[in-house]
Amino acid sequence: MNKALPPDVRTDFMEEAFRRAEAAAAAGEVPVGAVVVDSTTGEILAVAGNEVELKSDPTGHAEIVALRLAAASKGSPRLEDCDLYVTLEPCAMCAGAIAFARIRRLYFGAYDPKGGGVEHGARFFSQPTCHHRPEVIGGIQASRAEALLKTFFLARR
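According to the numbering used here, the sequence shown holds residues 42 to 198 in order.
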């Protein structure tokens, strides 16, 4: 379900995440894209799509790749003043990385009842052992993100 967007959601950042997801799909990767933005300047620090197959790396999720690039760009593993835009609800592994990076706000597209780790599954940010909980806004252009994923997987069946 698509909800009304909060007033501070930057659709251009989500659009860039979708471009990365589409590029990932064209490369044979699950179509997920991510963008890390410095919330104080509005500057995009990193963009990424999934690279699991390309790099034979099970941690090559778009969120992890984007967080690595953003941390390198800032010269710090802590991204407190940064927001993450991603086309799919992050899995538990990515949610853990988001918490460790201390992302300020997480915006995501489609909910992931099977593999999600934020609103589904492990609900990582709700665990007492989670030391940092970003603000989470989900369901942004969810229908578009769901359609991209369905099209990708239908072509492989």
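Every residue, glycine too, gets a C-beta built ideally from N, C-alpha and C.
- Where the beta strand (DSSP E) through VAL106 begins and ends: For the purposes of this step, residue 106 is identified with residue 65 of the sequence shown, where counting begins at 1. Per DSSP, VAL106 belongs to no beta strand (DSSP E); it is in the alpha helix (DSSP H), 103-115.
- Which runs of the alpha helix (DSSP H) spanning at least 4 residues fall entirely within the region 63-109, listed in chain order? 93-96
- Item | Boundaries of the alpha helix (DSSP H) in which GLU187 is found, first to last residue | Taking the sequence shown and counting its residues from 1, one reaches residue 187 at position 146. First-last of the alpha helix (DSSP H) with GLU187: 183-195.
- Which residues in the same chain have their Cβ closer than 6 Å to the Cβ of THR52, if we skip the five residues on either side of it in sequence? Walking along the sequence shown from the start, residue 52 turns up at place 11. Result list for THR52: empty, nothing under 6 Å.
- Please check the pair TYR148 and ILE181, which I expect to be a contact at CB under 8 Å, by giving their CB distance rounded to whole angstroms. Locating residue 148 in the sequence shown gives position 107, counting from the first residue. Locating residue 181 in the sequence shown gives position 140, counting from the first residue. With a Cβ gap of about 6 Å, TYR148 and ILE181 count as contacting.
- Task: Report back the beta-carbon spacing between ARG61 and ALA89 to the nearest angstrom; my notes put them in contact at under 8 Å.
- Result: For this step, residue 61 is matched to residue 20 along the sequence shown. For this step, residue 89 is matched to residue 48 along the sequence shown. Confirmed, about 6 Å.
- What are the boundary residues of the alpha helix (DSSP H) that GLY137 is part of? Indexing the sequence shown from 1 puts residue 137 at position 96. Its alpha helix (DSSP H) spans residues 133-142.
- Among CYS171, ASN91, GLY162 and GLU176, nearest to VAL76 - alpha-carbon criterion: By one-based count along the sequence shown, residue 76 stands at place 35. The residue with the shortest Cα to Cα distance from VAL76 is ASN91.
- Item | Three-state class that DSSP yields for ASP53 in the structure shown | Within the sequence shown, the letter at position 12 stands for residue 53. Helix at ASP53.
- Got a sec, what are the start and stop residues for the beta strand (DSSP E) TYR126 sits in? For the purposes of this step, residue 126 is taken as residue 85 along the sequence shown, with counting starting at 1. Element bounds for TYR126: 123-129.
- Taking buried to mean at least 16 other C-beta atoms within 10 Å of its own C-beta, is THR170 buried or exposed? Translated into positions along the sequence shown, residue 170 becomes position 129. When all chains shown are included, THR170 counts as exposed.
- Please name the residue or residues paired with TYR152 in a DSSP beta bridge. For the purposes of this step, residue 152 is identified with residue 111 of the sequence shown, where counting begins at 1. BP columns for TYR152 are empty, so no partner.
- Query: Opposite ARG174 in the DSSP bridges: which residues?
  - Reply: Indexing the sequence shown from 1 puts residue 174 at position 133. In the DSSP output, where bridge partners are listed per residue, ARG174 has none listed.
- Determine the DSSP secondary structure at ARG60, reduced to helix, strand or coil. As a position in the sequence shown, residue 60 is number 19, starting the count at 1. Helix.
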